[in-house]
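Just below is one structure, and these are the notes that go with it.
Printed below as a string of structure tokens:
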């Protein structure tokens, strides 16, 4: 296979991490970079990433020009969690007939929150013979695709519970702030009301994806309010100190209900000082399946990996909007 | 979707278990059954399965007639572990243009042991517009497809180790005998030489499948000799008693080597009295991934499940020979 030509769309926190990994990857060449930021505009990508040497790729605010000049095989899209926000960006890319792998959380299973936009994206992609995938490790893998894959060994399933516990101290500083670590309970609740703390986006998408794959018609998805986790003793990360009684992070639960019962329960928590970091899946059925990844998969490293690992699968998939459960397993390359 | 019409090819130990599960399954109808056994010939399938009421499906020795009369959407094939033995059976089915899900271990990744037959099967399937898959939980899922799926979260992989430990007391009596439980060490070694004990078939197929998915070119696969596990204290299952010093089961290891290093190591053991039953995957890379299913997935229940769960994916796949890593994740149906 000849070299895959990739354009980055979004060179923010996650986009930069992806870019750095791509630059080390064989068989892929970064041929362009788009970002809305005025600060980055016109600068060499290497300068923005604080790497050297210069890459000869200028960050541009004009997606159309970059797409026209570089004719990429794939756009790596990393700008926002919400499909409504990114729809115009995706449209431009698709109109140029270019495949997309996006970190947009809602795009991992867009039929739940944005069924109309999902239809439009699918039609646009098919018309322009391009494929679109939203992925990441969560949503996109740990709390949905991996659950679907594990279900293969079951003759019967009654109930599913998935738990992800993250020690936020192992994550980027912005992530630690995003979950309210170090705030008083009062400040946390204020930030929550002001939508400065939004919590994890994707639990409902993950539940919908599992239900769809397993042919389960849900009555509804109940999203419990985001809860602060209160430190029982002082704890700290490299960037934040949390006193006893302050908030160390948050917990969120969402439940897919069917026929008056809890069918699919997802529990997510991220806080500084979490002791038993894990990604755990319990399936109650025939047989019961109790699976555990310890410690949990690091969100930044894992998301960068899965986005880049998905590229060949997206390029070879038939045109249209796809989700992870529609594709053969995305996998790493193991070179020596 | 209208009802899927299934024909059973092989109504032995595993075939019967699959049949019983299929009969309870909505959306699938068993319309025919083929078996080489003279004893079964002409008897109603229900009688052979020791269920009631009568099913109006006679077990036949003549595959051609059954396929012609029943026009199935899928054949569930469960006769032998070796592709060379089953090739004539698969050919007949494919010549009738019928899709196949098979328990044949070597068919899970036939390019390793039978590359020529694999080519022939693929051509035959394409010519007759049918799809062929060999699967099961091992080989087919626990020590290969699940490893490939988990690799998605890794930016880099150096080494993979997969361990499956089975307490044979939880399995069928023939399985317990097949692993030599209750024999003296001398009798075990004699049975091994006489090929009465063949051990688990599939480790090399699983390694090859992982290497292929991860783009790793192996130098060779080293299969260690099958080792007896000697009971350190008396132990027993419902059907076999093992004295101290007798064989309680066996262990097998296979290693995929690359550039002078162990890249992919698979360790399989099955014995009466195994305390820590598990399916464990360790990936050394960025990040490290340590995953564990406890207890291990029951082989009989799991294989029946995955064979039946694979049916819709095989029916909707493009024609040809496929392996699990080429298909979207096989998943259970979760109905209430």
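Chains as they are written, first to last, in the numbering used here: chain A, 1 to 336; chain B, 337 to 672.
Glycine residues also receive a C-beta, built at the ideal position from the N, C-alpha and C atoms.
In chain B, which residues lie with their C-beta within 8 Å of the C-beta of residue i?
i	result
residue 104(A)	The contacting residues do not exist; residue 104(A) stays about 18 Å from chain B at best.
residue 304(A)	491
residue 175(A)	What residue 175(A) touches in chain B: nothing, since even the nearest Cβ is about 16 Å away.
Can you tell which of the options has the C-alpha that lies nearest to the C-alpha of residue i?
i	options	result
residue 252(A)	200(A), 282(A), 230(A) and 289(A)	200(A)
residue 286(A)	321(A), 154(A) and 120(A)	154(A)
residue 485(B)	316(A), 315(A), 86(A) and 309(A)	309(A)
residue 59(A)	35(A), 25(A) and 71(A)	35(A)
residue 487(B)	297(A), 72(A) and 170(A)	297(A)
residue 545(B)	239(A), 71(A) and 334(A)	334(A)
residue 538(B)	430(B), 416(B), 640(B) and 628(B)	416(B)
residue 292(A)	161(A), 182(A), 271(A) and 226(A)	161(A)
residue 433(B)	615(B), 664(B), 659(B) and 654(B)	654(B)
residue 620(B)	271(A), 212(A), 280(A) and 332(A)	332(A)
residue 570(B)	558(B), 609(B) and 550(B)	609(B)
residue 352(B)	369(B), 363(B), 365(B) and 541(B)	369(B)
residue 389(A)	269(A), 146(A), 244(A) and 277(A)	Missing from the structure shown is residue 389(A); chain A here goes from 1 to 336 and no further.
residue 640(B)	438(B), 557(B) and 445(B)	438(B)
residue 63(A)	93(A), 311(A) and 87(A)	93(A)
residue 140(A)	173(A), 10(A), 82(A) and 104(A)	104(A)
residue 231(A)	261(A), 245(A), 158(A) and 213(A)	245(A)
residue 343(B)	414(B), 463(B) and 552(B)	414(B)
residue 130(A)	137(A), 136(A), 138(A) and 121(A)	121(A)
residue 345(B)	617(B), 390(B), 387(B) and 424(B)	424(B)
residue 158(A)	68(A), 43(A), 262(A) and 14(A)	262(A)
residue 680(B)	613(B), 560(B) and 553(B)	Nothing in the structure corresponds to residue 680(B), since chain B is present only between 337 and 672.
Look up residue i in the DSSP assignment and give the residues it is bridged to.
i	result
residue 9(A)	34(A) and 77(A)
residue 604(B)	500(B) and 588(B)
residue 227(A)	251(A)
residue 258(A)	261(A)
residue 29(A)	5(A)
residue 159(A)	284(A)
At 7 Å on the CB atoms, spell out the chain A contacts of residue i, in chain order.
i	result
residue 626(B)	293 and 294
residue 487(B)	331 and 332
residue 604(B)	Here the premise fails: no neighbours, minimum Cβ distance about 17 Å.
Would you kindly work out how many angstroms separate the C-alpha atoms of residue i and residue j, rounded to a whole number?
i	j	result
residue 662(B)	residue 39(A)	44 Å
residue 185(A)	residue 167(A)	19 Å
residue 630(B)	residue 500(B)	10 Å
residue 123(A)	residue 320(A)	7 Å
residue 524(B)	residue 583(B)	7 Å
residue 637(B)	residue 195(A)	48 Å
residue 603(B)	residue 359(B)	35 Å
residue 156(A)	residue 339(B)	19 Å
residue 134(A)	residue 601(B)	33 Å
residue 170(A)	residue 354(B)	46 Å
residue 86(A)	residue 113(A)	14 Å
residue 618(B)	residue 624(B)	7 Å
residue 44(A)	residue 474(B)	50 Å
Check this for me: beta carbons of residue i and residue j, under 8 Å apart or not?
i	j	result
residue 193(A)	residue 219(A)	no
residue 407(B)	residue 341(B)	yes
residue 90(A)	residue 100(A)	yes
residue 572(B)	residue 512(B)	no
residue 443(B)	residue 420(B)	no
residue 30(A)	residue 57(A)	yes
residue 240(A)	residue 182(A)	yes
residue 279(A)	residue 206(A)	no
residue 330(A)	residue 315(A)	no
residue 585(B)	residue 515(B)	yes
residue 350(A)	residue 109(A)	Because residue 350(A) is not part of the residues shown, which for chain A are 1 to 336, the question remains open.
residue 385(B)	residue 362(B)	no
residue 225(A)	residue 664(B)	no
Quick one: list the residues of chain C neighbouring residue i, beta-carbon separation under 7 Å, in chain order.
i	result
residue 286(A)	In the structure shown, chain C cannot be found, because the protein chains are A and B.
If the cut is a Cβ gap below 9 Å, which residues of chain B does residue i touch?
i	result
residue 220(A)	In chain order: nothing, as chain B lies at least about 15 Å away.
residue 21(A)	491
At 8 Å on the CB atoms, spell out the chain A contacts of residue i, in chain order.
i	result
residue 664(B)	325, 326, 327 and 328
residue 633(B)	153, 287 and 289
residue 551(B)	333, 334 and 335
residue 482(B)	149 and 150
Since residue i meets chain A, which of its residues come closer than 9 Å, beta carbon to beta carbon?
i	result
residue 346(B)	Within 9 Å Cβ-Cβ: nothing; residue 346(B) doesn't reach chain A, min ~19 Å.
residue 645(B)	151, 152, 153, 154 and 155
Which residues in chain B sit within 7 Å of residue i, going by Cβ to Cβ distance?
i	result
residue 166(A)	Neighbours of residue 166(A) on chain B: none; closest Cβ ~13 Å, over 7 Å.
residue 315(A)	Residues of chain B passing the Cβ test: none, with the nearest at roughly 15 Å.
residue 77(A)	In chain order: nothing, as chain B lies at least about 18 Å away.
residue 157(A)	668 and 670
residue 137(A)	489
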